[in-house]
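Asker: Just so we're aligned, residue 202 is where the sequence shown starts under our numbering, counting upward by one.
We put the CB at the ideal spot given by N, CA and C, even for glycine.
Remember, it's a predicted structure, so these values are computed and weren't measured experimentally.
Below is the structure I would like to discuss, written out as C-alpha cells.
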Amino acid sequence: MKNTKKLLSITNLKKYFPVAKSSLFQKEQLYVRANEDISLDIYEGETLGIVGESGCGKSTLGRVLLQLYNQTAGTTMYYGVSLADMPPKYVADTLKNLDKYKTTLKKASEKAEALNKKVEEAGGEDKADFYLLQDRNLARCDEQTALNHIVKILGGFFAMDEGNQGRDLMLKIHEENVKRAALMDKYADVRVEFEHLDGDAKNASKKSKLGEEKAKLEAEIKAIEDKTAQMSVQLDGLRDKYAKNEEFAKYEAMRDDGIDLSRLQYDEMRLLRRDLQIIFQDPYSSLNPRFTIGQIIEEGLVTHKFFKHGSEKMREHIVDTMEKCGLQEYMLHRYPHQFSGGQRQRVAIARALAVNPKFIVCDECVSALDVSIQSQIINLLQELKEKEHLTYMFISHDLSVVRYISDRICVMYLGNVVELADAATIFDDPRHPYTVALLSSIPTTDPDSGEKERIILEGNIPSPIKPPAGCKFHTRCYMACEKCKRVPPELREIEPGHFLACHFPEKKLAEDGSYLFELPKMERKSNREQG
Ligand code: SF4
C-alpha cells in the first residue's frame, strides 16, 4: 500500500435486521445477521473491492458504512473532516459525563487489582479458582471499556487530568466549535446568495448588504478560530505536565481523532453526506423519472449549499461534471427514460461526483449493464478516481471486474470477512477455501487453461438467521474438520497485509495453479465439461 493514511476504520461492525415473529406465541426475537464483527480499514485513494455470493452482506456493509442503515454495534470512524469542522454531540456528552466514566474506571481498576492479588495468592493463573479468574477478567473488561470511552474519544490526558481543568477547557473549545459550525452554515447561505446576484444597478444595494454580511461572518468565524487556537495552546500546556508519564503515552496512543459515524445524530450525518456518496446497482430505479438530468444532479448541490437553484454557476458546474462523466450539455433537459443503461449510470456517477465527495460506495454499479458498457463505466470510474482523488468501495460478485479495478480485495461469506489482501495476493495466493472456490469459478477464454479444476461448492448458503456454529463455511468447505464445526476462526494477519479467517492458513495453491491439498469426494468438473 502506497498511501497509509486511513480514511475510514471499521471495528466490530454488526448489522442485524429483526425478523417479524411468525406467531403470537413466538418468544424469541430472531435476527438476520447481515454483518457480523467486521473490522477493516480503508485508505485514502484506494479501491477496496468487496466480493462474495449474493446474500453475503456486501451491499449491507456499503450502506451501513454510509449510515443509510443504522449499525447494530461497532464503530465506523471517518477521518475526512476534523472534530473542529464537525463537532459531534457525542463528544460533548462524553465530556459532560467524564466524572461518571472516571469513577467507573477507578472502581473497575481497583476491583481488577484486588482480584489479581487474590489470583497471585492462590498460586497464579494455573492454580486459581475458575470463578476467581472469571471475575478478575470481567473487572479488567469493565476497566478497558471505561478507558476506551474516555481515551478513544477524548485522549489519555482526560483520564489522568486532576481537577478537570482540561475537561472544562475542552468543553469551551467544543462550544466554540459548535458556534463556528453554525456560522459556517449561515455563511454558506450568504455566500451562495451573494454569488448568485449579478452586479446590475437594481441589485446593487442588496449585493452590497450581502457583501457586508459576508465580511461580518468571515470576521466572526476568524475570531472564533483565534480563540479556539489560544485555548488549544493552553490545553497543550496542561497536557505537557504528563508528557513524560508512561501511562499517559500509552493512553495517548489509543486516542482516535476520527468521527464515529455510528454515533452521529441524523442532522450531523446529513452534513457528511456530501463526502460519502453511493452509486446504486440499478440505473433504472435509482434516478427519479420525473426529474431532468440537470435537476437530478442539481438536487445535492442545492441541499449542500454549493450554489443557488437556477444560478449560472450551478449550470456551469453541472455541465462540467456531466462532461467529466462523458455526457453532453444538450442532455441537461432530457429525462432518464430517454437514455440507455450505460448513459443512466453515467448520470448516477455525475450525481455522486457533483458534490465533490471523498469516498464513493459503488454498489454493483456495473452488474446491470451490458459487458461492453461495463468496461466503459469501469474505465470512467478509474479515470475519475485519479483526477478527483477519490476512494472507492467497489462491491461486486464479478471477480474479474473486481480484479481489474481493485487495489485490495475483501472476500465475504455469510456476513463475515473471510479473507482480505491486495488484489494480486488474492488471485495468486488465495488461502481461504471459499476464495479458492470463487476463483476457480471464473470463466476463461484461454484454451490452455481448459483443464483448470473447478470447485463446485455443494449446498446453499446457510440461513443468516441461524448460521452454523464454528466456522460458518464448514457446511460447504472441502477442508472442514471437527475443529471447524466447533471453533469460529478469527480474522488474523498471516502475512503483512494478508488477513485470513481459517484454521489452516498454510494451505495454498501450487505454482501450476493446482491445489496443494486433497480435495474430498465431491463433484469436480473441468471448465470444458461445464461447457
Ligand atoms: S476454518 Fe475449517 S471450515 Fe472454515 S474455511 Fe477453514 S478449513 Fe474450511
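1. Between E517, Q482, K451, which lies nearest to I498 when the distance is taken from Cα to Cα?
2. Alpha carbon to alpha carbon, how far is Y485 from Q544?
3. Would you say A553 and Q478 are within 8 Å of each other, going by their C-beta atoms?
4. Three or more C-beta pairs closer than 8 Å, one from the region 237-247 and one from the region 586-602: is that the case here?
5. P581 and I643: beta carbons closer than 8 Å?
6. Ordered along the chain, which non-local residues of its own chain (more than five positions away) have a Cβ less than 7 Å from that of F218?
7. Expressed to the nearest angstrom, what Euclidean distance is found between the alpha-carbon atoms of F359 and L296?
8. Mind checking which residues open and close the alpha helix (DSSP H) that includes M455?
9. On the DSSP letters alone, give me the boundaries of the beta strand (DSSP E) that L618 sits inside.
10. Can you check which of these residues, L640, P663, K667, is closest to I656 by C-alpha distance?
11. Can we count H675 as close to the ligand SF4, meaning its CB is less than 7 Å from some heavy atom?
12. Determine the DSSP secondary structure at Y388, reduced to helix, strand or coil.
13. Could you tell me which of A702, L241, T636, S541 sits nearest to M571, measuring between CA atoms?
14. Which value, in whole angstroms, describes the spacing of the CA atoms of K353 and L621?
15. Just checking, does the region 344-351 make contact with the region 301-310 on the three C-beta pairs under 8 Å criterion?
16. Compute the Euclidean distance between the alpha carbons of E394 and K509, then round it to the nearest angstrom.
17. Nearest to K525 by CA position, among A670, G281, K417, I578, is which residue?
18. Does the CB of I239 have a neighbour CB from chain C at under 8 Å?
19. Excluding sequence positions up to five away, which residues of its chain have a Cβ less than 8 Å from the Cβ of V391?
20. Reducing DSSP to helix, strand and coil, say where V393 ends up.
21. Roughly how far, in whole angstroms, is the beta-carbon of L528 from the beta-carbon of V548, given that I think they are within contact range, below 8 Å?
22. Among residues of its own chain, excluding the 5 on either side of K506, which ones have a beta-carbon nearer than 7 Å to its beta-carbon?
23. Taking 7 Å as the cut-off, is the CB of P690 close to at least one heavy atom of the ligand SF4?
24. How big is the Cα-Cα spacing for Q272 and E469?
25. When you compare the CB positions of G275 and I351, do they come within less than 8 Å of one another, or not?
26. In the DSSP assignment, find the alpha helix (DSSP H) that holds Y635 and state where it starts and stops.
27. Roughly how many whole angstroms lie between the Cα atoms of T676 and Y635?
28. With respect to 7 Å, is the separation between the Cβ of F331 and the closest non-hydrogen atom of the ligand SF4 below this value?
29. What does the alpha-carbon distance come out to for the pair A405 and H397?
30. Output the boundary residues of the beta strand (DSSP E) element that contains G275.
31. Here's a check: name, in chain order, each residue in its chain whose Cβ is nearer than 7 Å to the Cβ of S512, leaving out the five neighbours to either side.
32. Given a cut-off of 8 Å, decide if S573 and S597 are closer than it, judged by their beta-carbon atoms.
33. Helix, strand or coil, according to DSSP, for T212 in the structure here?
34. Quick one: residues in its chain with C-beta nearer than 8 Å to the C-beta of H375, no 5 flanking neighbours on either side, listed in chain order?
Answerer: The structure says:
1. Taking the sequence shown and counting its residues from 1, the one referred to as residue 498 is at position 297. Relative to the Cα of I498, the nearest Cα in the group E517, Q482, K451 belongs to E517.
2. Counted from its first residue, the sequence shown places residue 485 at position 284. Counted from its first residue, the sequence shown places residue 544 at position 343. Each residue's alpha carbon lies about 11 Å from the other.
3. Within the sequence shown, residue 553 is the residue found at index 352, counting from 1. Within the sequence shown, residue 478 is the residue found at index 277, counting from 1. Closer than 8 Å, so yes.
4. Yes, the region 237-247 is in contact with the region 586-602.
5. In the sequence shown, counting from the first residue as 1, residue 581 sits at position 380. In the sequence shown, counting from the first residue as 1, residue 643 sits at position 442. With the sequence shown as reference, residue 581 is identified as Leu, and Pro is not the correct amino acid for it. Between L581 and I643, the CB-CB gap reaches or exceeds 8 Å.
6. Looking up residue 218 in the sequence shown gives position 17. For F218, where only same-chain residues beyond five positions count, the Cβ hits under 7 Å are Y232, V233, A235.
7. In the sequence shown, counting from the first residue as 1, residue 359 sits at position 158. In the sequence shown, counting from the first residue as 1, residue 296 sits at position 95. One Cα belongs to F359, the other to L296, and the distance between them is close to 9 Å.
8. By one-based count along the sequence shown, residue 455 stands at place 254. That run of the alpha helix (DSSP H) goes 447-455.
9. Taking the sequence shown and counting its residues from 1, one reaches residue 618 at position 417. Residue 618 is actually Val in this sequence, not Leu. Annotation for V618: the continuous beta strand (DSSP E) segment containing it runs 617-623.
10. Position 455 of the sequence shown, counted from the start, is the residue given in the question as residue 656. Selected option, being the one with the closest Cα: L640.
11. By one-based count along the sequence shown, residue 675 stands at place 474. It does: the Cβ of H675 is within 7 Å (strictly closer) of some heavy atom of the ligand SF4.
12. On the sequence shown, position 187 is the one that residue 388 refers to. Look at Y388 here: in three-state DSSP terms it is helix.
13. For this step, residue 571 is matched to residue 370 along the sequence shown. Per the sequence presented here, residue 571 reads as Asp, with Met not at that position. Of the candidates A702, L241, T636, S541, the one whose C-alpha sits nearest the C-alpha of D571 is S541.
14. For the purposes of this step, residue 353 is identified with residue 152 of the sequence shown, where counting begins at 1. For the purposes of this step, residue 621 is identified with residue 420 of the sequence shown, where counting begins at 1. Their backbone Cα atoms lie some 26 Å apart in a straight line.
15. Taking 8 Å as the limit for Cβ pairs, the verdict is that the region 301-310 does touch the region 344-351.
16. Translated into the one-based positions of the sequence shown, residue 394 becomes position 193. Translated into the one-based positions of the sequence shown, residue 509 becomes position 308. The straight-line gap from Cα to Cα measures roughly 7 Å.
17. For the purposes of this step, residue 525 is taken as the residue at position 324 of the sequence shown. Taking only the C-alpha atoms, the option nearest K525 is I578.
18. Of the protein chains in the structure, only one exists, and it is not chain C.
19. As a first step, residue 391 must be located in the sequence shown, where it is residue number 190. Answer for V391: L411, E414, K415, L418, listed in chain order.
20. Within the sequence shown, the letter at position 192 stands for residue 393. Note: V393 maps to helix in three-state DSSP.
21. Start at 1 with the first residue of the sequence shown, and residue 528 comes out as number 327. Start at 1 with the first residue of the sequence shown, and residue 548 comes out as number 347. Approximately 7 Å separates the beta-carbon atoms of L528 and V548; this is inside 8 Å, confirming the contact.
22. Within the sequence shown, numbered from 1, the residue matching residue 506 stands at position 305. Here the set comprises A389, D390, V393.
23. Locating residue 690 in the sequence shown gives position 489, counting from the first residue. Yes.
24. Locating residue 272 in the sequence shown gives position 71, counting from the first residue. Locating residue 469 in the sequence shown gives position 268, counting from the first residue. Inter-residue distance for Q272 and E469 is about 16 Å (C-alpha atoms, whole angstroms).
25. Here residue 275 refers to the residue found at position 74 when the sequence shown is read from its first residue. Here residue 351 refers to the residue found at position 150 when the sequence shown is read from its first residue. Taking 8 Å as the Cβ cut-off, G275 and I351 do not qualify as a contacting pair.
26. What you label residue 635 is simply residue 434 of the sequence shown in a count that begins at 1. For Y635, the uninterrupted alpha helix (DSSP H) run begins and ends at 634-641, by DSSP.
27. Along the sequence shown, read from residue 1 onward, the residue named residue 676 stands at position 475. Along the sequence shown, read from residue 1 onward, the residue named residue 635 stands at position 434. In this structure, the straight-line span from the alpha carbon of T676 to that of Y635 is close to 12 Å.
28. Position 130 of the sequence shown, counting from 1, holds the residue named residue 331. The ligand SF4 never approaches F331 closely enough for any of its heavy atoms to be under 7 Å from the residue's Cβ.
29. By 1-based counting over the sequence shown, the position of residue 405 is 204. By 1-based counting over the sequence shown, the position of residue 397 is 196. Approximately 13 Å between the Cα atoms of the pair.
30. The residue given as residue 275 occupies position 74 in the sequence shown. Counting along the chain, G275 sits inside the beta strand (DSSP E) bounded by residues 274-279.
31. As a first step, residue 512 is located in the sequence shown; it is residue number 311 there, counting from the start. H397, listed in sequence order.
32. Along the sequence shown, one-based indexing puts residue 597 at 396. Along the sequence shown, one-based indexing puts residue 573 at 372. Contact: no.
33. Taking the first residue of the sequence shown as 1, we reach residue 212 at position 11. DSSP places T212 within a strand segment (E or B) once states are collapsed to three.
34. If you number the sequence shown from 1, residue 375 lands on position 174. Around H375: P288, V292, A293, L296.
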